[in-house]
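Working notes for the structure below.
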Ligand SMILES: [Zn+2]
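In UniProt numbering, the protein residues as written are 1 to 430.
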């Protein structure tokens, strides 16, 4: 038995939380002692965060991240579960590979690792992977995605949507029409025109989202849209939801904060590939629309798209650099900065979008529960009053490709508990 004293659940009045056997035994003021005690120091208690979109890079790119380092990074960020994307090497397109990732998570994970299965063999977009075998495997895959690539063939997408219905799965689409984005380098707009970089039009994302919403409705299946980045995408999602269709969507912290203007002018100069990401950073108007959509529930989830890359893959000229940013250790701070401190979202809203909803969409039964007696003791203690400049050398991730270096962000994860066991205490890995 353990008592965590003086925490404010979802920002409410201070209480104590008694934990035993991996579950929350009791919540109340002035609980009487017995066993270990941890001082929460008035921190906000959130349900353990759940990421629907993490790249752990193992197997294949252990120089960028491993299950061990990626889940350490997740724990530092307040996460108790992450969905590991399928674009590894080999690709997670068979029961064997998803079970390998699942086992690695069991053995080395500082949080739970739920493998995502590829939709098509080798992410090649030509032939469906064995979705049923992955669903039936020990990894019990429910989320399928070719993330990094779009399932652009409408017939394959339709078949995948039909197929996953049998086991209550969901197809998570990376919405990017490939022909419209050939050699694309950054958001298509005023800035790309000035810089002479090939543009990545908003319509390439929006056209796929519209098509997939229609397909999901047509076959009566579940669609999840990865990393929504444009105002137009938000309008389409709003329309699809108004129809009652089973469509959900996520936005990344970086798309809530950063704009394409940083490619031209930033504290680290112009053309700095630290800002190169897929989908690209968009305009201020897009950022505003994404924040509004997350606030009103049109976008259901904040997902990190944590995409580690070694230095040599990012510190090159713009056109050659890899796309992606790490994000697990800064996600909650960026959400506080963009959504909470702006008055758009309260802490219950954060819990919904970073824990309950992602667990629901991923069908993770052991995560995303309100902090009350009987729930699994997955908890994040967070101090929103803390402020410090982002220092990547302190990160647990094996990679350092964060766009926030030196930027002062609010908040700090004080502690993370996975089934009652601390993975982080006093801001440090246990
Ligand atoms: Zn993606």
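Think of the CB as a built atom: it goes at the ideal place given N, C-alpha and C, for glycine as much as any other residue.
All values reported here derive from a predicted model rather than from experimental measurement.
Figure out for me which residue from the options has the closest Cα to the Cα of residue i.
i, options, result
"residue 339", "325, 74, 354 and 16", "354"
"residue 298", "28, 16 and 230", "230"
"residue 320", "43, 281 and 274", "274"
"residue 296", "110, 268, 344 and 262", "344"
"residue 428", "350, 371, 362 and 329", "329"
"residue 371", "45, 347 and 51", "45"
"residue 99", "138, 204, 286 and 66", "138"
"residue 185", "301, 148, 10 and 318", "318"
"residue 421", "20, 154 and 5", "20"
"residue 1", "41, 56, 65 and 37", "37"
"residue 362", "103, 256, 105 and 53", "53"
"residue 87", "386, 61, 4 and 189", "61"
"residue 341", "291, 145 and 325", "291"
"residue 8", "35, 32, 39 and 147", "39"
"residue 258", "277, 18 and 161", "277"
"residue 204", "218, 178 and 219", "178"
"residue 326", "32, 13 and 65", "65"
"residue 3", "33, 351, 287 and 365", "33"
"residue 419", "58, 368, 188 and 233", "368"
"residue 147", "115, 270, 81 and 187", "115"
"residue 156", "84, 384, 58 and 173", "173"
"residue 386", "145, 84 and 336", "336"
"residue 84", "78, 183, 112 and 107", "112"
"residue 210", "181, 182 and 152", "152"
Please go through the same chain and pick out, in chain order, the residues whose beta-carbon is closer than 8 Å to the beta-carbon of residue i, but skip the five residues on each side of it.
i, result
"residue 130", "93, 94 and 95"
"residue 396", "69, 72, 73, 75, 76, 329 and 429"
"residue 374", "23 and 24"
Just reading off the alpha helix (DSSP H) that residue i is part of, what are its end residues?
i, result
"residue 157", "154 to 164"
"residue 74", "67 to 76"
"residue 415", "Run containing residue 415: none in the alpha helix (DSSP H); it sits in the beta strand (DSSP E), 408 to 418."
"residue 286", "284 to 296"
"residue 349", "347 to 351"
"residue 361", "357 to 361"
"residue 371", "No alpha helix (DSSP H) contains residue 371, which DSSP labels as neither H nor E."
If you follow the beta strand (DSSP E) that residue i is in, where does it begin and where does it stop?
i, result
"residue 388", "379 to 389"
"residue 224", "223 to 225"
"residue 434", "Limits of the chain in this structure are 1 at one end and 430 at the other, which puts residue 434 out of reach."
"residue 178", "Looking at the DSSP string, residue 178 is not in any beta strand (DSSP E), and its letter there is neither H nor E."
"residue 52", "49 to 54"
"residue 421", "421 to 425"
"residue 185", "No beta strand (DSSP E) holds residue 185; DSSP gives it neither H nor E."
"residue 83", "79 to 84"
"residue 14", "14 to 20"
"residue 27", "23 to 28"
"residue 430", "Premise fails: residue 430 is in no beta strand (DSSP E) and is neither H nor E."
Grab me the residues of residue i's own chain with a C-beta within less than 6 Å of its C-beta, minus the 5 sequence neighbours each way, in chain order.
i, result
"residue 163", "131"
"residue 91", "118, 122 and 123"
"residue 425", "415"
Closer than 7 Å by C-beta to residue i: which residues in its own chain qualify, once you throw out the five before and the five after it? Chain order, please.
i, result
"residue 390", "330, 402, 404, 405, 406, 407 and 409"
"residue 213", "223, 236, 240, 245 and 247"
"residue 191", "260, 261, 263 and 264"
"residue 127", "120 and 121"
Touch test, the segment 373 to 392 against the segment 408 to 427, Cβ-Cβ under 8 Å, three pairs minimum: With the cut-off at 8 Å, the segment 373 to 392 and the segment 408 to 427 touch.
contact_flag[the segment 251 to 258, the segment 191 to 209] where n(CB pairs < 8 Å) is 3 or more: No: the two stretches stay apart, fewer than three of their Cβ pairs being nearer than 8 Å.
At least three beta-carbon pairs within less than 8 Å, the segment 214 to 228 to the segment 301 to 308: Enough Cβ pairs lie closer than 8 Å, so yes.
Validate contact between the segment 155 to 175 and the segment 185 to 197 using beta carbons, cut 8 Å, 3 pairs: They do not touch, by the three-pair rule.
Touching by the beta-carbon criterion (3+ pairs, under 8 Å), the segment 308 to 327 and the segment 399 to 408: With a cut-off of 8 Å on Cβ pairs, the segment 308 to 327 is in contact with the segment 399 to 408, counting three or more such pairs.
Around ligand 2, Cβ to any heavy atom closer than 7 Å, ordered along the chain: Ligands present in the displayed structure are limited to ligand 1, and ligand 2 is not among them.
Contained beta strand (DSSP E) runs [length at least 3] in the segment 189 to 223, N- to C-terminal order: None, since the segment 189 to 223 contains no complete beta strand (DSSP E) of that length.
Runs of beta strand (DSSP E) wholly within the segment 82 to 112 (minimum 3 residues, chain order): With a minimum length of 3 residues, no continuous beta strand (DSSP E) run stays inside the segment 82 to 112.
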